[in-house]
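**Student:** The structure's right below; bear with me while I get my questions together.
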Amino acid sequence: MRCVNAETTPTAHPAPTAPQRGRALRGLWVPAAALTVVGSAFAYVAAVDPNEPGHYPVCPLWRFTGLYCPGCGGLRSAHAFAHGDLATALTDNALAVAGFLGFAVLWTVWVVQVARGRPLRLRFGTVQMWSLGALALVFTVVRNLPFGGWLHP
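Just so you know, we're using this note's numbering here: the sequence shown kicks off at 91 and counts up by one.
This is the structure:
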């Protein structure tokens with residue numbers, strides 16, 4: 091039988107001290123800067139419509155081969171996403187929308203980790219990297235086939 095002593099009550103985690111909290115808050119400038127850069131890019135694309143010709147360069151792969159790359163329609167997708175039109179954003183480039191949402195999730199995890207005073211450790215193994223590459227390749231091939239017309243930007 092275990093003896094429980096009032097003096098040795100276990101604690102889950104000690105509360106962070108003021109210097110630890112200060113360091114964690116100072117560490118938030120990097121995620122804040124990243125969000126500022128991405129937010130500024132989204133604001134620019136939201137303000138300057140990529141659907142109007144002449145504002146952005148044409149995709150070189152599409153221009154010279156007529157094939158859509160995985161990024162084709164990404165700016166139009168970002169423009170629609172920034173305006174809250176998720177259906178149009180998915181139609182323009184579904185892979186880009188998945189990337190936008192993935193960035194939002196990873197950024198949130200990053201902020202929470204930094205606020206807790208822990209470093210962000212993302213470990214993408216070989217399987218994850220090959221899977222992302224395969225997903226982009228399948229997306230590119232399918233959107234260029236006749237039955238993949240619903241993926242055209």
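Ideal placement from N, C-alpha and C gives every residue a C-beta, glycine not left out.
So residue 234 is in the alpha helix (DSSP H); what residue range does that whole segment cover?
**Tutor:** 216 to 234
**Student:** Rounded to the nearest angstrom, what separates residue 163 and residue 183 at their Cα positions?
**Tutor:** 5 Å
**Student:** Taking only beta-carbon positions, decide if residue 127 is within less than 8 Å of chain D.
**Tutor:** The displayed structure is made up of one protein chain only, and chain D is not part of it.
**Student:** Assuming residue 136 contacts residue 185 under a Cβ cut-off of 8 Å, what Cβ separation, rounded to an integer in Å, is found between them?
**Tutor:** About 20 Å; that fails the 8 Å criterion.
**Student:** Between 230, 127, 121, 189, which has its C-alpha nearest residue 168's C-alpha?
**Tutor:** 189
**Student:** If we ignore side chains and look at the alpha-carbon of each, how far apart do residue 127 and residue 198 end up?
**Tutor:** 15 Å
**Student:** Check whether the Cβ atoms of residue 243 and residue 166 lie closer than 8 Å to each other.
**Tutor:** yes
**Student:** Is residue 160 closer than 8 Å to residue 230 when the C-beta atoms are compared?
**Tutor:** yes
**Student:** Please say whether residue 170 and residue 132 have beta carbons closer to each other than 8 Å?
**Tutor:** no
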